[in-house]
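Engineer:
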Amino acid sequence: MPSLFASYLRVYEPLTAFDRDRQSYWRRYVSEGRAIAPLEGPVRQRTAVIEALGAGWTRLPDLPDEAYVLETDEALLVCPWNLRIRVAEAALSARDGVPSVLADAFVPPVLAGQAKAVVEDWRSGARVLEHGVPRVHEQIATWGVPLRWFVLFEAGERHLVTEPERRALRFRTEISKARRRSSRALSVLRKSVGEAPITEAVEEAARWLEEFHPRSVVELDYGGLVQLLPDETLLADDSTELVAEGLAGLSRGEAEEASAAYDKLVARWRAVQLLERCN
């Protein structure tokens with residue numbers, strides 16, 4: 630499971646993006662006060678997955694559907710967790726790169742077979758025919774924020790809270806704006822650097838956004854990373870501006886300006902990643 634020192638990219642979809650049964654479920658979920666705040670969610674998710682895998686390591690339990698919820702004046706938006714899929718993926722990833730004797734001890738073949746079936750059913754077969762291509766509403770990155778995520782936001786969309794019990798840094802924007810920004814960035818990158826790794830990364834983010842309802846909201850949450858950074862660092866964080874400067878420099882053909890912004894951004898987040906070794 631990911632470290633709690635992680636950042637999150639989420640998409641909240643309006644109820645109309647879900648089938649009728651799911652819409653009824655999420656309405657009850659909210660009316661009963663079951664929605665979980667983003668500050669509490671990562672710990673709850675981690676605990677649920679660990680407990681599920683620790684239950685004898687012989688079965689994949691049916692976990693309750695949970696979600697983050699965003700209420701606006703116009704709509705109720707939901708970011709489902711898809712915990713059963715995460716348990717299945719965690720079971721399979723625990724076997725990766727491990728000798729078969731150890732893999733079978735930690736994740737027996739029976740459990741691995743169930744996990745594989747759950748993941749395959751999620752991504753293909755009857756589920757897709759009935760409900761369409763499944764959508765993973767949350768991406769997770771440990772010990773940093775992927776630079777491609779900053780492409781989707783502007784500085785004015787940032788919300789910072791530095792109160793001790795509520796520390797958080799988030800960006801939120803309409804998915805239509807995030808799509809336009811990723812499209813512009815992709816155009817600039819293709820013309821200036823070609824099919825480089827950064828171009829492929831931004832293209833991947835753009836494709837992911839296309840899976841969701843056009844009235845969705847996209848959120849970048851620094852999550853547990855805010856516990857690693859002092860208030861003055863969070864207040865001075867200009868990562869989105871640096872990404873914009875770099876892209877603007879590339880579009881004007883000013884490689885040195887673009888490189889300076891990129892180097893500053895990489896150095897900032899490399900310093901955060903190095904904290905993992907000190908942990």
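In terms of my numbering, the sequence shown opens at residue 630 and continues consecutively.
Glycine included, every Cβ here is placed at the ideal spot set by N, Cα and C.
(1) Given a cut-off of 9 Å, decide if TYR654 and CYS708 are closer than it, judged by their beta-carbon atoms.
(2) Between the segment 856–870 and the segment 776–796, can you find at least three pairs of beta-carbon atoms closer than 8 Å?
(3) Which one of LEU818, SER821 and ARG809 has the shortest CA to CA distance from PHE782?
(4) Using three-state DSSP, classify ARG663 as helix, strand or coil.
(5) Report the residue from ALA677, VAL847, ARG764 and VAL822 whose alpha carbon sits nearest the alpha carbon of PHE779.
(6) Can the beta-carbon of ASP850 be found closer than 9 Å to that of SER636?
(7) Taking the CB atoms as reference points, tell me whether ALA719 and VAL678 lie closer together than 9 Å.
(8) Between ALA811 and LEU838, how many whole angstroms is the CB-CB distance? I'm expecting something under 8 Å.
(9) Let's test the definition: count the other Cβ atoms within 10 Å of the Cβ of ALA746 and tell me whether it reaches 16, buried, or not, exposed.
(10) Please classify SER888: is it buried, with 16 or more other beta-carbons within 10 angstroms of its beta-carbon, or exposed?
(11) With distances taken between CB atoms, is the gap from LEU871 to ALA884 smaller than 9 Å?
(12) Given a threshold of 16 other Cβ atoms within 10 Å of its Cβ, counted over all protein chains shown, does VAL817 qualify as buried or as exposed?
(13) Using a Cβ-Cβ cut-off of 6 Å (strictly less than) and excluding sequence neighbours within five positions of ALA646, which residues of its own chain qualify?
(14) Please return the same chain residues whose Cβ sits closer than 8 Å to the Cβ of ALA797, not counting the five positions on each side in sequence.
Structural biologist: If we stick to the structure as given:
(1) no
(2) yes
(3) ARG809
(4) coil
(5) VAL847
(6) yes
(7) yes
(8) Reading the sequence as shown, one finds Ser at residue 811 and not Ala. Yes, SER811 and LEU838 are in contact; Cβ-Cβ is about 7 Å, under 8 Å.
(9) exposed
(10) exposed
(11) no
(12) buried
(13) HIS842
(14) PRO667, LEU668, HIS788, LEU789, VAL790, ASP850, TYR851 and VAL855
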